Every structure is written in structure tokens, then in C-alpha cells.
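This report refers to the structure that appears directly beneath it.
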Amino acid sequence: LSIVGGSDTVLGTVVIHEVYPDGAAAVDGRLKPGDQVLEVNGVSLRGVSHEQAILLLRRTPAKVRLLVYRDVNLQLSLLDPTQIYNIFEMELTKKPGRGLGLSIVGRKNEPGVYVSEVVRGGAAEADGRLMQGDQILAVNGQDVTSSMQEDVAAKLKV
1 LSIVGGSDTV LGTVVIHEVY PDGAAAVDGR LKPGDQVLEV NGVSLRGVSH
51 EQAILLLRRT PAKVRLLVYR DVNLQLSLLD PTQIYNIFEM ELTKKPGRGL
101 GLSIVGRKNE PGVYVSEVVR GGAAEADGRL MQGDQILAVN GQDVTSSMQE
151 DVAAKLKV
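In the working numbering, the protein residues as written are 1 to 158.
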């Protein structure tokens, strides 16, 4: 499993970012990206930082009990994705000698690139809309939904 979020992040809660195809969670088949992890073996993740959540998940025995929240209405919705998700376009201008003020992360062996950090004092923070966990859909008008992290990073640096 790969998680994002925590009490010390903009997300505020711990969310499953990726279910690794070779892991126990994939074999089980019930966990999905976007699921919110509420408890690990009876220990609440409310108010737990990202690092604390990672430690809790790493220190689990072979059999783990997770309490998870999933928004079923969102998954069953037949609405247009732009009505379900907050999709927006933004224009960021690099400061001289600096980047856009964001870090990105990709899924292991899968396309899709997400914001892993919004850097304090950067252009992304100044805009105020971009948050950790947001998926980058396009860069300069080019669709990057099926691109790997390295390709998107190169496009963002141009």
C-alpha cells in the first residue's frame, strides 16, 4: 500500500494512494485508491501525522485489520467527471531561479501523476488551489493522465 495525507497535510486524513499489485491488499481485493483509513488494528488514525501512519502500517503483524471509509455515492455516480471532481485549470509562473513550488509522485509501474507536496512560498502555494494528492491531468494543454512521473516532470520543467 501507498498512502498520502495525515493530520500534518492539507488532506488532514490518511488516504490510500495506491494498492500495489503484488501486495496482500491487492490479493484481498477490497481496498481501493481513495479509501480513507480510519483505524489500523483498532488504533485510530485521527490526528496522526503522515509519518506516524506509515510507522503504524509498517509495524503490523501478518494479519491486519483496517477500518476504512469509502464514498460509495461518488463511485456509483453517473455524472460527468467534471461534476464529480473539482477539475480546474491553473496558470503558474516560475519565479526566477526557482521551480513551480510543487513536488510530484507517480504510481509504481502505472501511469498517473499526483502532487506530493506544495512548497511554501512557491507559485503553487500562492495560487492556493493545488493540494497534496491532486492528480495532474494536463501540462501546457498536453494530456498527461497516462504519462509516467519522469515525463510529467520534464514537461513541468520546460
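By construction, the Cβ of each residue, glycine as well, lies at the ideal position given by its N, Cα and C atoms. Model, not experiment: these values are computed from the prediction.
(Q) Helix, strand or coil, according to DSSP, for ILE87 in the structure here? (A) Coil at ILE87, not helix or strand.
(Q) Tell me the rounded alpha-carbon separation between LEU31 and VAL40. (A) Rounded to whole angstroms, LEU31 to VAL40 spans 13 Å at the Cα level.
Q: Return the chain-ordered ranges of every beta strand (DSSP E) run that is complete within the stretch 25–55 and spans a minimum of 3 residues.
A: Listed in chain order, they are 36–40.
Q.
Which of the three DSSP states is assigned to ALA162 in this structure?
A. Given that the chain is displayed from residue 1 to residue 158, the structure contains no residue 162 and the question cannot be resolved.
Q: Over the uninterrupted alpha helix (DSSP H) stretch that includes LEU156, give me the two end residues.
A: Its alpha helix (DSSP H) spans residues 149–157.
Q: Report all residues from its chain with a CB closer than 7 Å to the CB of VAL4; omit the five preceding and five following residues, and keep chain order.
A: If we look at VAL4 and ignore the five residues flanking it on each side, its Cβ neighbours are LEU11, VAL15, HIS17, GLN132 and GLY133.
Q.
Please list the terminal residues of the continuous beta strand (DSSP E) segment that includes GLY112.
A. Where GLY112 is concerned, the enclosing beta strand (DSSP E) stretches over 110–118.
Q: Can you tell me which of the three DSSP states LEU210 falls into?
A: Here the chain covers residues 1 to 158 and nothing more, so residue 210 does not appear.
Q. Given a threshold of 16 other Cβ atoms within 10 Å of its Cβ, counted over all protein chains shown, does THR145 qualify as buried or as exposed?
A. Burial is judged here by how many other beta carbons sit within 10 angstroms of a residue's own beta carbon; THR145 has fewer than 16 and is exposed.
Q | Between the CA atoms of ILE54 and ASP8 - distance to the nearest angstrom | A | Separation of ASP8 and ILE54 (C-alpha to C-alpha, rounded to the nearest whole angstrom) is 13 Å.
Q) If we ignore side chains and look at the alpha-carbon of each, how far apart do LEU57 and ALA153 end up? A) Their Cα atoms are separated by approximately 29 Å.
Q. If you compare alpha carbons, which of LEU45, VAL139, GLY97 and ASP151 is closest to MET90?
A. Restricting attention to LEU45, VAL139, GLY97 and ASP151, the CA atom closest to the CA of MET90 is found in VAL139.
**Q.** Straight-line gap, GLY99 to SER116 (C-alpha atoms, nearest Å)
**A.** If you take the alpha carbons of GLY99 and SER116, they lie about 15 Å apart.
Q. Leaving out five residues before and five after LYS155 in sequence, what residues of the same chain have Cβ atoms less than 6 Å from its Cβ?
A. Cβ neighbours of LYS155 beyond the five flanking positions: VAL139.
Q. Based on the DSSP output, what are the partners of LEU102 in its beta bridges?
A. Under DSSP, LEU102 forms a beta bridge with VAL118.
Q: To the nearest angstrom, report how far apart LYS95 and GLY101 are at their CA atoms.
A: C-alpha separation (whole angstroms): 9 Å.
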